[in-house]
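Protein chains: 2
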Amino acid sequence: MRQNFEPTDVELQILGVLWRKPGATARAIHNAVHAQQDKNYSTTVKMLSVMLQKGLIRRDDTVRPQTFTATVSRRTTQKSLVSKLVERVFDGSASSLVMHALSSGKPTKEDIQEIRKLIEKLEQPK
Amino acid sequence: MRQNFEPTDVELQILGVLWRKPGATARAIHNAVHAQQDKNYSTTVKMLSVMLQKGLIRRDDTVRPQTFTATVSRRTTQKSLVSKLVERVFDGSASSLVMHALSSGKPTKEDIQEIRKLIEKLEQPK
DNA sequence: CTATATTAGCGAAAGGGTTCGCTATTGACG
DNA sequence: CGTCAATAGCGAACCCTTTCGCTAATATAG
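So the sequences go chain by chain: A and B.
All residue numbers for the first sequence refer to the working numbering, where the first residue is 1 and numbers rise by one.
All residue numbers for the second sequence refer to the working numbering, where the first residue is 127 and numbers rise by one.
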């Protein structure tokens, strides 16, 4: 698994689309990403080729039009970005980040229940 | 308070130093940031001037050598970066981030206790 | 099959961040 | 003071990402 990998903003947007809809065409990705912004279709195609180069996505060109799929999972990306964030602004303390997110976000009752369960599990490491 | 503000990597490193030691000199910042890397002192000075321009830091030039202090708080920066992260890779769900950080990080017993307390407080909104 | 539209590829330029060399200013020390 | 060292300032180069125009290849419509 790639160790330190930091997708750029545009790359993240595209990955977001591909996580939701694996096997999307360039056109579909373009429409999804630039629903409101107006960027040229070429830009999206170019970004796809750059990401292909970097190995962030895979292309299936046995079909027409070609389709794309992410090779990095959402989970891996989350992990990489969270640890980067923790390292850089939370002095390496993941729990500090947790506290922060908990108090500033608005978790629902269900969220709280889930987190409580997780906490309980963590308290009995065994 | 500045709404969307995203310090770059180098800027974050410098802010990190200033949060720990407000009123540091350019030399001190340089030494702290580039303890292992070898960058030119001019680079640090230039970055400071850029950050000054952007309003991320403040300069006291009544003293010699001049000293610098962050104008953005660590807390604000954390908030801004966390919400950016949540939005981009956690589909807007802060609790999803919490779960992720909790299970991948290694919280200490004390961390868990604190989080538990916070959770309990959240359960009794009132 | 031909014409038209859509998809694909690529080089180059634009844009922003980072780096540094060079010069000017200020401070320390004899 | 005069010299040498450290601090401060600035433009330009450089690097990486993003953008697009232009051309080629492929699909679709008539």
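Cβ atoms here follow ideal geometry from the backbone N, Cα and C, with glycine treated the same way.
Here G218 of chain B has V212 as same chain residues with Cβ atoms under 7 Å from its own Cβ, once five neighbours each way along the sequence are excluded. The beta carbons of I238 of chain B and M177 of chain B sit no closer together than 8 Å. Counting C-beta pairs with one atom in each stretch, the stretch 149 to 161 of chain B and the stretch 180 to 196 of chain B have three or more that are closer than 8 Å, which means they touch.
By a beta-carbon distance limit of 8 Å, S73 of chain A does not contact G231 of chain B. Their separation comes to about 19 Å. Chain-order list of chain A residues neighbouring G231 of chain B: V82, S83, V86, S93, A94, S95, L97 and V98, by C-beta distance under 9 Å. The criterion of a C-beta distance shorter than 8 Å is not satisfied by T43 of chain A and L56 of chain A.
With its beta carbon at least 8 Å from every one in chain A, A150 of chain B lies outside the interface. The beta carbon of E6 of chain A is closer than 8 Å to those of S80, L81 and K84 in its chain, skipping five residues each way along the sequence. Rounded to the nearest whole angstrom, the C-alpha separation of W145 of chain B and D135 of chain B is 15 Å. For T77 of chain A, the enclosing alpha helix (DSSP H) begins and ends at R74 to V89. Boundaries of the beta strand (DSSP E) around R59 of chain A: I57 to D60. For A161 of chain B, the secondary structure class from DSSP, reduced to helix, strand or coil, is coil. For F68 of chain A, the closest Cβ of chain B is not nearer than 8 Å. In this structure P65 of chain A is exposed. Its beta-carbon is surrounded by fewer than 16 other beta-carbon atoms within 10 angstroms.
Below the 8 Å Cβ cutoff, chain A contributes Q78 as neighbours of F216 of chain B, in chain order.
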